[in-house]
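Read the structure below first, then the notes.
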Amino acid sequence: EDVVNRIAAGEIIHRPANALKELIENSLDAGATLIKIVLKEGGLKTLQIQDNGCGVKASDLPLLCERFATSKLRDFSDLSRMTTFGFRGEALASISYVSAAMTVVSKTKDSDCAYRASYAEGTLVPPKPGQSATPKPCAGTDGTQIMAEDLFYNVPQRRRALKSAADEYNRCLDVASKYAVHYGGRGVGFVCKKATSHVTDLSTPASDAATTLDTIRLLYGSSIARELVRLKPRRVSSLGFSVEGWLSGANYSTKRTTFLLFINHRLVDCAPLKRSFEALYGSLLPKGGHPWIYLSLEIDTEKVDVNVHPTKREVRFLDEDDIIEAVCEHAQDCLAGANS
Ligand code: ADP
Ligand code: MG
């Protein structure tokens, strides 16, 4: 049974960057305003994340890594949380199945101390052999720290499919950077540390568009930031969505499209939307040139398929064609406005 669970978990958590995305989303769900990431060997040796969010109650820790534990932990009166794409209760369970050890240290505001708990294969385990498998009080600040060690040590077929530690690190940094761009302008700071080297501040958060542009400049470079045009905030009530972002203009062109897409504040893929933007730029850029695009789309939650499976970052929503067309038209207007 464990082998089956492990393989299932390996389908959800493919690589360190996947695990990191799930952990970042949990920290954001917990209301964190500072998220610190530490990666050793591209996250394969150690993947650690610390946040200053609401924390997990000591009494909830035993259930934390049980599959579909969400309903047991979550206050269902808080429906706003159901709007996130993270509503599945599988991430922590899966990470515990594919890592040699997973440790959580968490403190809520009303608790006098933090509690430490260790997990393997979805259940609480003793921190040391011979000890009891219960959360242990310890020192700690408000929030949650999660550390996963030796990822995929027990899933050889997944381990073999992975690239070098350097490549896995870059994928992790890519995910963290995209979240830093989106959340830097929304008051959430990110720090990423490659173990044994310097800390990289991914953002200095504030709540404005200028901060978003500063974060982009820091993480993607000034040659891109200089050429960006603001996709002005726009709401189309008849279609139930709003959009804003930053787009490269006619003077910027690279070999590959960079497309940062957040829908309802989650990093997602939407191939038809990306294709439409590439078509829009096809007439704007020299042949073979590609744009840099960051879009934040908020779509009324009843239109979005929130039950999208964790292995699929691709998102579906109602009135997709009409919304994509409206977003592209607005983008075209903003680009034209910047040119005149
Ligand atoms: P889901 O996010 O779909 O509920 P997860 O396995 O990702 O499932 O997380 C399970 C639960 O653990 C969450 O619903 C939340 O209650 C709790 N949790 C996970 N990470 C954190 C965190 N960083 N801070 C507070 N609670 C957390
Ligand atoms: Mg989650």
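The sequence shown begins at 3 in this note's numbering and counts up one residue at a time.
Cβ coordinates follow ideal geometry from the N, Cα and C atoms, glycine included.
Please classify arginine 237: is it buried, with 16 or more other beta-carbons within 10 angstroms of its beta-carbon, or exposed?
exposed
Which term fits aspartate 53, buried or exposed, when burial requires 16 or more other beta carbons within 10 angstroms of its beta carbon?
buried
Exercise. Measuring alpha carbon to alpha carbon, tell me which of Lys42, Glu43, Gly242 and Gly284 ends up nearest aspartate 324.
Key: Gly242
**Q.** glycine 12 beta carbon near the ligand ADP (any heavy atom closer than 7 Å)
**A.** no
Problem set entry | Limits of the unbroken alpha helix (DSSP H) element including serine 250 | Per DSSP, serine 250 belongs to no alpha helix (DSSP H); it is in the beta strand (DSSP E), 243–250.
Next on the checklist: Could you check whether the region 176–188 touches the region 215–222, counting it as contact only if at least three pairs of C-beta atoms, one from each stretch, sit closer than 8 Å?
Outcome noted: yes
* Reference threonine 35; option with closest CA among Thr303, Leu233, Gln133 and Cys56 -> Cys56
* How many angstroms separate the CA atom of glutamate 322 from the CA atom of cysteine 115? -> 48 Å
So, is valine 5 buried or exposed, given that buried needs 16 or more other C-beta atoms within 10 angstroms? exposed
Can we count alanine 34 as close to the ligand MG, meaning its CB is less than 7 Å from some heavy atom?
no
Shorter than 7 Å, the distance from the beta carbon of glutamate 229 to the closest heavy atom of the ligand MG, or not? no
**Request:** State the CB to CB distance for the pair lysine 195 and threonine 143, rounded to an integer number of angstroms; the pair is presumed to be in contact (CB under 8 Å).
**Result:** In fact, because the Cβ distance is near 17 Å, the residues do not count as touching under 8 Å.
### Query
If you draw a straight line from the C-alpha of leucine 282 to the C-alpha of alanine 141, how long is it?
54 Å
**Prompt:** Can you tell me where the alpha helix (DSSP H) with alanine 95 in it begins and where it stops?
**Reply:** 93–100
Tell me, to the nearest whole angstrom, how far the beta carbon of glycine 45 is from that of glutamate 170; I am working on the premise that it is less than 8 Å. 6 Å
TODO: List the residues that DSSP assigns as beta-bridge partners of leucine 233.
DONE: Gly247
Are the beta-carbon atoms belonging to leucine 175 and proline 18 less than 8 Å from one another? no
Touching by the beta-carbon criterion (3+ pairs, under 8 Å), the region 300–307 and the region 271–278
no
Task: Close Cβ partners of alanine 103 (< 6 Å) along its chain, the five nearest in sequence each way excluded - done: Glu151
| query | Using the rule of at least 16 other Cβ atoms within 10 Å of the residue's Cβ for burial, across every protein chain shown, is serine 120 buried or exposed? | reply | buried
Problem set entry | DSSP-derived helix/strand/coil call for arginine 118 | strand
Between the Cα of lysine 38 and the Cα atoms of Glu331, Ala95, Thr206 and Ala135, which residue gives the shortest distance?
Thr206
Practice prompt. Would you mind stating whether leucine 233 and leucine 249 have Cβ atoms separated by less than 8 Å?
Written response: yes
Simplified DSSP state of proline 139, which is helix, strand or coil: strand
*Identify the residues that DSSP records as bridge partners of leucine 49: which are they?*
Leu41 and Ala150
query: Could you give the distance in angstroms between the alpha-carbon of alanine 167 and the alpha-carbon of methionine 149?
result: 17 Å
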